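J.: Numbering (my numbering), first residue to last: 6 to 376. We put the CB at the ideal spot given by N, CA and C, even for glycine. Just so you know, these numbers come straight off a predicted model, no measurement behind them. I'd like to ask you about the structure that follows.
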Ligand SMILES: *Cc1c(COP(=O)(O)O)cnc(C)c1O
């Protein structure tokens with residue numbers, strides 16, 4: 006072969022047999038066909054599937070006790086893919102405290118094609134009375150963002166079954182290690198893997214996991230493969246790498262989350278603490294039945310309104326003032342100013358993502374910032 010040909014073809018090991026303990030990152034966008042035109046390697050084109058994404062999807066499905074998973078390029082696309090799989094004119098029952106990005110998505114992208122009611126899902130009677138002729142989906146988010154409301158997935162799953170509705174659960178705040186909505190009767194679980202699953206604030210991703218491979222799931226898989234909002238092989242590699250430490254990280258996030266909640270609850274400057282692990286949380290008993298621990302997310306209301314809340318998030322030294330959550334580093338944010346002028350989030354609300362630093366250092370930092 007001439008140098009030009011060699012430069013392109015030398016070292017291309019199409020049949021890797023190095024028996025890696027850690028799977029390699031398969032960057033190839035396309036895969037060799039067999040003589041008969043088939044794909045005995047199992048992959049054809051990387052948007053449709055690739056080894057890293059298949060490995061991630063298998064891990065996510067197994068962790069959530071589901072039948073299959075679809076990985077997406079962000080949490081928002083994961084949710085959007087389910088909304089896109091619904092017939093136009095369908096009615097969705099969504100939570101009033103829905104993650105603001107989804108609320109925005111439904112109110113803008115889907116405003117002419119889907120009908121949505123945002124209701125208080127901690128009240129089962131309100132859910133029942135919201136069901137209409139064209140209702141197809143109940144979307145719950147538990148714990149919710151940013152008020153840490155808990156919805157009773159088992160009770161809502163019963164209503165969904167009785168009325169032949171799909172139940173989907175945004176389980177991002179819990180991660181697959183603290184609750185498994187499919188085991189509680191949900192049909193679909195959604196995660197922003199940007200958060201706890203990724204865990205290091207360095208990769209965007211999202212996922213849907215299904216209880217059964219049914220007609221709806223086929224549509225979702227189509228939206229993923231033909232729509233093409235898929236994560237890169239490197240993103241999938243990072244997420245799978247992160248998943249290896251997820252159970253241990255969630256224990257430490259939960260321990261720090263509870264310790265911060267208990268500390269803040271006793272602080273003079275704090276009006277309220279929202280954390281499902283507190284006995285005083287209005288849905289603590291439900292949280293105890295459906296979660297194995299309560300995670301690292303909490304919100305507080307501080308005395309002195311928006312001005313004081315903004316002073317505090319600027320006064321911290323160890324916490325990073327930034328949005329997002331679930332990373333090893335602790336984050337703090339004035340939530341209302343992130344969500345914009347039409348938000349219903351209280352102006353004196355501060356949202357905290359407890360990271361994995363030592364709890365004494367975290368408490369010391371909040372103590373000096375609140376003083
Ligand atoms: C961040 C988040 C999302 C959206 O995920 P992205 O990865 O940012 O697109 C959805 N739901 C919840 C609860 C979130 O925290």
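Please state if the CB of residue 226 and the CB of residue 67 are separated by a distance shorter than 9 Å.
T.: Here residue 67 corresponds to residue number 62 of the chain shown, with the count starting at 1. Here residue 226 corresponds to residue number 221 of the chain shown, with the count starting at 1. No, the Cβ-Cβ distance between residue 67 and residue 226 is not below 9 Å.
J.: Please list, in chain order, all residues of the same chain as residue 322 whose beta carbon is under 6 Å from its beta carbon, the five residues on each side excluded.
T.: To locate residue 322, count along the chain shown from 1; it is residue 317. Answer for residue 322: 370, listed in chain order.
J.: Could you check how far apart the C-beta atoms of residue 338 and residue 352 are, in whole angstroms? I think they sit under 8 Å.
T.: Reading the chain shown from its first residue, position 333 is the one you call residue 338. Reading the chain shown from its first residue, position 347 is the one you call residue 352. Actually they do not touch by this definition, with Cβ atoms about 13 Å apart.
J.: Taking the alpha-carbon of residue 307 as reference, which of 288, 355, 295, 347 has the nearest alpha-carbon?
T.: Reading the chain shown from its first residue, position 302 is the one you call residue 307. When only C-alpha atoms are compared, the closest one is 355.
J.: Where does residue 279 sit, in a helix, a strand or coil, going by DSSP?
T.: For the purposes of this step, residue 279 is identified with residue 274 of the chain shown, where counting begins at 1. It is a strand residue.
J.: Whole angstroms is fine: what's the gap from residue 348's alpha carbon to residue 341's?
T.: Translated into positions along the chain shown, residue 348 becomes position 343. Translated into positions along the chain shown, residue 341 becomes position 336. The straight-line gap from Cα to Cα measures roughly 6 Å.
J.: Taking Cβ to Cβ, would you say residue 205 is nearer than 9 Å to residue 247?
T.: By 1-based counting over the chain shown, the position of residue 205 is 200. By 1-based counting over the chain shown, the position of residue 247 is 242. Yes, the pair counts as a contact, with Cβ atoms nearer than the cut-off.
J.: Once you ignore the five residues that flank residue 104 on each side, which residues in its own chain have a CB closer than 7 Å to its CB?
T.: The residue given as residue 104 occupies position 99 in the chain shown. Around residue 104: 146, 150, 175.
J.: From this set, 123, 125, 95, which residue's C-alpha is nearest residue 170's C-alpha?
T.: To locate residue 170, count along the chain shown from 1; it is residue 165. Of the candidates 123, 125, 95, the one whose C-alpha sits nearest the C-alpha of residue 170 is 95.
J.: Evaluate the contact criterion for the region 206–220 versus the region 186–197: three or more CB pairs, one atom per stretch, below 8 Å.
T.: yes
J.: Shortest alpha-carbon distance to residue 117 belongs to which of 129, 100, 88?
T.: Walking along the chain shown from the start, residue 117 turns up at place 112. Of 129, 100, 88, the residue nearest in Cα terms is 88.
J.: Tell me which residue opens and which closes the alpha helix (DSSP H) that residue 114 is part of.
T.: Sequence index remark: in the chain shown, residue 114 carries index 109 (1-based). From DSSP, residue 114 is part of no alpha helix (DSSP H); its letter is neither H nor E.
J.: Could you check which residue in 138, 109, 277, 241 has the C-alpha nearest to that of residue 345?
T.: The sequence position of residue 345 within the chain shown is 340, counting from 1. Residue 345 has its Cα closest to that of 109, out of 138, 109, 277, 241.
J.: To the nearest angstrom, report how far apart residue 290 and residue 32 are at their CA atoms.
T.: The residue you call residue 290 lines up with position 285 of the chain shown. The residue you call residue 32 lines up with position 27 of the chain shown. Straight-line Cα distance between these residues: approximately 47 Å.
J.: For ligand 1, is there any heavy atom lying closer than 8 Å to the beta carbon of residue 146?
T.: Here residue 146 refers to the residue found at position 141 of the chain shown. Yes, the beta carbon of residue 146 sits closer than 8 Å to at least one heavy atom of ligand 1.
J.: Name the residue from 140, 236, 71, 13 whose alpha carbon lies nearest to the alpha carbon of residue 55.
T.: As a working note, residue 55 is residue 50 in the chain shown. Nearest C-alpha to residue 55: 236.
J.: Who are the near neighbours of residue 91 in its chain, counting only those whose CB is closer than 8 Å to its CB and skipping five residues on each side?
T.: Locating residue 91 in the chain shown gives position 86, counting from the first residue. Cβ within range, chain order: 97, 119, 141, 142.
J.: What span of residues does the beta strand (DSSP E) with residue 146 cover, start to end?
T.: Taking the chain shown and counting its residues from 1, one reaches residue 146 at position 141. 140–146 is the extent of the beta strand (DSSP E) around residue 146.
J.: Beta strand (DSSP E) containing residue 48: first to last residue?
T.: Along the chain shown, one-based indexing puts residue 48 at 43. No residue range can be given for residue 48, since it is assigned to no beta strand (DSSP E) and is classified by DSSP as neither H nor E.
J.: Say the cut is 8 Å; is the CB of residue 61 nearer than that to a heavy atom of ligand 1?
T.: Taking the chain shown and counting its residues from 1, one reaches residue 61 at position 56. Checking the Cβ of residue 61 against ligand 1 gives no.
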